[in-house]
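Read in UniProt numbering, the sequence shown has 17 at position 17, and its numbers run on one by one without any break.
This report concerns only the one structure given below.
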Amino acid sequence: MRVLLTGAAGFIGTAVRRTLETDGHDVVPVDALLPQAHRTPPDVEGVHRLDVRDAGEWGDLLDGVDVVCHQAALVGAGVTVADLPEYAAHNDLGTAALLAAMSAHDVGNLVLASSMVVYGEGRYACPEHATVAPVPRSVAALDAGDFDNHCPACDRVLAWELVEESARLDPRSSYAASKVAQEHYASAWARQAGASAVALRYHNVYGPGMPRDTPYSGVAAIFRSSLARGEAPRVFEDGGQMRDFVHVDDVARANLAAVRAVGAREVGELSAYNVCSGSPVSILDVARILARQAGGAEPVVTGQYRSGDVRHVVASPALSARELGFAAQISPYEGLAGFASAPLRD
């Protein structure tokens, strides 16, 4: 099978390429090498350096392709409002241009790298009122150190539950809004072109080769970068935020499963799947694991917060296991311990 892989020189794309090629797929690697992701652009053999926003000019690269595996994106929460045009340009316009080019070259299968950020807040339950949707956390509560979500009916602290793919989408940042837009463009393309699309909603991906010292990277790499500088990891809120951390090798395996499956999906629709470990862990525990394994200073809980952050978001792996046959093989506690000494990318 011939697979065009965008974002092929990136942290996740490198792992996906290796896994696809090991499985015998003919991979056409493409990367824009954005400076936000690559302060020093890597020299990766065989990678075509192109701008996804100009996908209509890619010519022969899309000829004979069976599946496009679209990993290229500007990631992170967004540092300032000024980042909005960059997310819209690279993620939204780039995806739309790629989909139009795919249609022009009769490529009818897409695997899209999406994200858990499309959910916004996760799923919550009240001991009295069952599953409830919390109201946004107020600035006054956050300033007072009350970081939990409360039941809108009785004000009890809500407990987190696993989010399923059927949850409503509620983006809270520029990056999240761009990922929702990517899914919507892919869904519209599938209907209009009679094509098939799978969106993989990555949870917190980590592993060797993550970019260092950039706010556009994941929190695990930010903690690792602090430890490498001899500094204590700084943990926002009270550190009790629950997340799911999934190793990049498991993410690559999920892409392989999706590439194998997308051609047999129902045409005219997009199917979304959580890509997660299935073992939630707190942000403070992530920092502690990394600090102890690296022999660094214990994390500092700062009480700081960001208005676009959510309290808890952890996912159900059930649909991915049932329909894609994917289950993560690396637990966060095992994987993060190894990540403490893994190389980072400049």
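Beta carbons: idealized from backbone N, C-alpha and C, even for Gly.
- When C-alpha distances from residue 110 are compared across 280, 153, 200, the shortest belongs to 200.
- Residue nearest to residue 294 within the set 266, 328, 232 is 232 (criterion: CA-CA distance).
- If only complete runs of 4 or more residues are kept, the segment 268–334 shows the alpha helix (DSSP H) at 283–294, in order along the chain.
- Nearest in C-alpha terms to residue 328, of all of 171, 276, 225, 308, is 276.
- Beyond the five residues adjoining it in sequence on each side, residue 183 comes within less than 6 Å, by CB distance, of 114, 199 in the same chain, given in chain order.
- Under the 10 Å beta carbon count, residue 237 is surrounded by 16 or more other beta carbons and is classified as buried.
- Short of 6 Å from the beta carbon of residue 94, and not among the five residues preceding or following it, lie these beta carbons of its own chain, in chain order: 52, 53.
- Distances from the CA of residue 175 to each of 303, 91, 192, 14 were compared; the closest alpha carbon is that of 91.
- Here residue 286 has 219, 220, 223, 243, 245, 332, 336 as same chain residues with Cβ atoms under 8 Å from its own Cβ, once five neighbours each way along the sequence are excluded.
- With contacts defined as CB atoms closer than 8 Å, residue 206 and residue 326 fail to qualify as a contacting pair.
- With contact defined as three or more Cβ pairs closer than 8 Å, the segment 60–73 and the segment 17–31 are in contact.
- Put simply, the backbone Cα of residue 203 is about 18 Å away from that of residue 124.
- Cβ contact annotation for residue 162 (same chain, cutoff 7 Å, sequence separation greater than five): 123, 314, 315, 316, in chain order.
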